[in-house]
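In what follows, a single structure is set out as structure tokens and then discussed.
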Amino acid sequence: MINVLLVEDHELYRMGLSMLLSKADEICLVAEAADGLEGIKKAREFAPNVILMDIGLPNMDGIEATQRIKDFLPETKILIFTSRDSEHDIFESFKAGADGYIMKGASPEQTISAIKAVNEGVGWIDPAIAKIVFSSLNKPSAMLAVSDTLSNKDKNCYGLTDRELDVLSLIVEGLSNPEIADKLVITRSTAKAHVHSILQKLCASTRTEATVKALKEGLV
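In my numbering, the protein residues as written are 395 to 614.
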């Protein structure tokens, strides 16, 4: 069972999400919060597996709340669930430690799938968000930043092997360890070992963080 904490300030929207989660298989809504500070308090109290976190919260926004919660609950997965799709919010959320980012326009099925995915350690990025990330990389400022980085050091400055780069590409595509193993015709333990090594070399605590870094720095 996946224990979920819902942090959402709009009462009617929170009620709708509460109903959705209460009917979902393998999910248990353990608590709700209406602002960032209350979200932190409930996170300490219940230590949920997954937190569904809005960004535009009163008292403390979801990005800061995410960062603070990750400080004392690093294993808890945080799925940003918001109507905001700005590049700043997206990258700041992942920088704060978010494990996934999904838009409020997502279907109920997508929302439940996202919760289950991040709980299993698979990063989730809404397709619309992925487009924004790729689009940002094509902007002159972003390309200049990447160019400056590559001029100072090799593209693969992290010491990733060719096989690890293959695995990283599949991580970016959202594949799980078993799927990576099947795709590359390797054992699941080998796939897991590659993923662990990649996260260490990229200094990333989550697959989503590794995905964002890979996209921003042109590793895949």
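For glycine and all other residues, C-beta sits at the position ideal for the given N, C-alpha and C.
No experiment lies behind these values; they were computed from the predicted model shown.
Asked: Using the DSSP secondary-structure output, state which residues sit across from valine 401 in a beta bridge.; Found: Ala427, Met447
Asked: In angstroms, rounded to a whole number, what distance separates the CA positions of arginine 438 and isoleucine 463?; Found: 8 angstroms
Asked: Considering only the alpha carbon of each residue, which of Leu562, Glu567, Leu431 lies closest to alanine 585?; Found: Leu562
Asked: Give me, in chain order, the residues of the same chain whose beta-carbon lies closer than 7 angstroms to that of serine 416; leave out the 5 immediate sequence neighbours on both sides.; Found: Leu423
Asked: DSSP three-state call for methionine 395: helix, strand or coil?; Found: coil
Asked: Can you tell me whether arginine 601 is buried or exposed? The criterion is at least 16 other CB atoms within 10 Å of its CB, across all chains shown.; Found: buried
Asked: Under the assumption that glutamate 402 contacts leucine 411 (Cβ atoms under 8 angstroms), give the Cβ distance between them as a whole number of angstroms.; Found: 6 angstroms
Asked: For the alpha helix (DSSP H) containing glycine 456, name the first residue and the last one.; Found: 456–466
Asked: Nearest to lysine 435 by CA position, among Glu503, Ala459, Ala418, Ile449, is which residue?; Found: Ala459
Asked: Serine 570: which of Ser583, Gly515, Phe475 sits nearest, CA to CA?; Found: Gly515
Asked: Comparing alpha-carbon positions, which option in Ala524, Phe440, Pro468, Ile472 lies nearest isoleucine 449?; Found: Ile472
Asked: Judging by CA-CA distance, which residue of Val512, Asn513, Lys510, Gln504 is the nearest neighbour of alanine 522?; Found: Gln504
Asked: Let's test the definition: count the other Cβ atoms within 10 Å of the Cβ of aspartate 493 and tell me whether it reaches 16, buried, or not, exposed.; Found: buried
Asked: Consult DSSP for threonine 476 and reduce its assignment to one of helix, strand or coil.; Found: strand
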